[in-house]
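Novice: Sharing a structure, written as structure tokens. Questions coming.
In this note's numbering, the protein residues as written are 9 to 316.
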């Protein structure tokens, strides 16, 4: 291997881009600046696959600060990705394809997440579960939509709409370990809950999320998007201040866990970005939601429909 990255030939860099998946973080860090120089010398990107690999490099290197990159170097990488996005946008090819990595670089620059040495995510998770139990203690679905009811509503109340799930739960705590309660049932579910039902089923999904370290199909429903904003806000409008604060704490916890959690995990840019998007969409700086009239009912767009 060349002792200085400045001496690396273009052929080796193209090879490096193709096989970067098997490189260690240190090897990727070694090749990265040379690849950038080669990239900038050209009038156009090398090719789409190699540019995609370049983005993958950054995802695997994150957080760059741990590898000794300065903030000015991280900012340079970010600006390069912005320029790349502009190129693709001008060619009408793949605008916005680097947004997830831009998000990661922003995180490295703003240091928005606290990661004290030896952070014990397991213990934090247990404490957070207890906080959820306190914040949502006594919450009922009386007068609101039930899980079985959402399945029937999704089938427009027809005779074929007999629910798969039967509402036998007496409180939301019983749902956490109920294998029959599927948080993404395919029919019905959170998309059809009113504000009362959402407040009731939310804590059970949050506990599952913390316990498993994975999204229990609730993240989509905790993200404020441009479509059906009124429906989403109405679903959240029954949450009190402490419950909103608890949801924020869960999102911050999962965000940090995905960012630098368990040692065997390599942060996945797309996954990290989803948690950050949800957090920043409302929960980081929540505002009062006026509750007017009868709860909005009906169907909110489902997660899979965004990709159809």
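Ideal Cβ placement from N, Cα and C applies to all residues, glycine included.
Quick one: what does DSSP say residue 298 is sitting in, helix, strand or coil?
Specialist: The answer is coil: DSSP assigns residue 298 none of H, G, I, E or B.
Novice: Starting from residue 150, follow the alpha helix (DSSP H) in both directions and report where the run begins and ends.
Specialist: Element bounds for residue 150: n/a, residue is neither H nor E.
Novice: Quick check: what's the CA-CA separation for residue 142 versus residue 283?
Specialist: Spanning the two alpha carbons is a distance of roughly 24 Å.
Novice: By how many angstroms is the C-alpha of residue 232 removed from the C-alpha of residue 298?
Specialist: Each residue's alpha carbon lies about 16 Å from the other.
Novice: Given that a residue counts as buried once 16 or more other Cβ atoms are within 10 Å of its Cβ, and exposed if not, what is residue 223?
Specialist: With 16 or more Cβ atoms within 10 Å of its Cβ, residue 223 is classed as buried.
Novice: Rounded to the nearest angstrom, what separates residue 246 and residue 219 at their Cα positions?
Specialist: Cα to Cα, the separation comes out at about 25 Å.
Novice: Would you identify the three-state DSSP class for residue 120, choosing helix, strand or coil?
Specialist: Its pLDDT being 49, under 50, residue 120 is placed unreliably by the model, and nothing is read from it.
Novice: Which residues in the same chain have their Cβ closer than 8 Å to the Cβ of residue 287, if we skip the five residues on either side of it in sequence?
Specialist: Cβ within range, chain order: 256, 259, 260 and 263.
Novice: Between residue 285 and the rest of its own chain, which residues show a CB-CB distance below 7 Å, the 5 nearest in sequence each way excluded?
Specialist: Excluding sequence neighbours, residue 285 sits near 231.
Novice: Given a cut-off of 7 Å on the beta-carbon distance, is the pair residue 174 and residue 153 in contact?
Specialist: Not closer than 7 Å, so no.
Novice: For residue 145, count neighbouring C-beta atoms within 10 Å of its own C-beta (all shown protein chains included) and say buried if the count is 16 or more, exposed if not.
Specialist: With fewer than 16 Cβ atoms within 10 Å of its Cβ, residue 145 is classed as exposed.
Novice: Going straight from the alpha carbon of residue 265 to that of residue 129, what length do you get?
Specialist: So the alpha carbons of these two residues sit roughly 7 Å apart.
Novice: Taking only three categories from DSSP, how would you classify residue 193?
Specialist: Of the three classes helix, strand and coil, the one that applies to residue 193 here is coil, per DSSP.
Novice: Is it buried or exposed for residue 127, if we count other Cβ within 10 angstroms and need 16 for buried?
Specialist: When all chains shown are included, residue 127 counts as exposed.
Novice: Apart from the five residues on each side of it in sequence, which residues of its chain come closer than 6 Å, Cβ to Cβ, to residue 337?
Specialist: Shown here, the chain extends from 9 to 316; a query on residue 337 therefore has no answer.
Novice: Tell me where the alpha helix (DSSP H) around residue 158 begins and ends.
Specialist: Here the alpha helix (DSSP H) through residue 158 covers 155-162.
Novice: In three-state terms, what does DSSP make of residue 199?
Specialist: If DSSP states are grouped into helix, strand and coil, residue 199 belongs with the helices.
Novice: Pull up the distance between the alpha-carbon of residue 76 and that of residue 38, whole angstroms please.
Specialist: Each residue's alpha carbon lies about 12 Å from the other.
Novice: Quick check: what's the CA-CA separation for residue 99 versus residue 85?
Specialist: Residue placement at residue 99 is flagged as unreliable, the pLDDT there being 48, under the threshold of 50; the coordinate-derived value follows with that caveat. Their backbone Cα atoms lie some 21 Å apart in a straight line.
Novice: Identify, in the order they occur along the chain, each residue of the same chain with its Cβ nearer than 8 Å to the Cβ of residue 292, setting aside the five sequence neighbours on each side.
Specialist: Around residue 292: 256.
Novice: Using the C-alpha atoms, what's the distance from residue 210 back to residue 204?
Specialist: So the alpha carbons of these two residues sit roughly 10 Å apart.
Novice: Just how far apart, CA to CA, sit residue 161 and residue 32?
Specialist: Cα to Cα, the separation comes out at about 51 Å.
Novice: Go through its chain and collect everything with a Cβ distance to residue 251's Cβ below 6 Å, but skip five positions before and after it.
Specialist: 143.
Novice: Any Cβ of chain D within less than 7 Å of the Cβ of residue 32?
Specialist: Annotation note: the requested chain D is absent from the structure, which comprises a single protein chain.
Novice: Determine the burial state of residue 243: buried for a count of at least 16 other Cβ atoms within 10 Å of its Cβ, exposed for fewer.
Specialist: It counts as buried.
Novice: Measuring alpha carbon to alpha carbon, tell me which of 241, 215, 35 and 185 ends up nearest residue 140.
Specialist: Ranking the options by Cα distance to residue 140, first place goes to 215.
Novice: What's the gap between the Cα of residue 227 and the Cα of residue 35?
Specialist: Between residue 227 and residue 35, the C-alpha separation is close to 34 Å.
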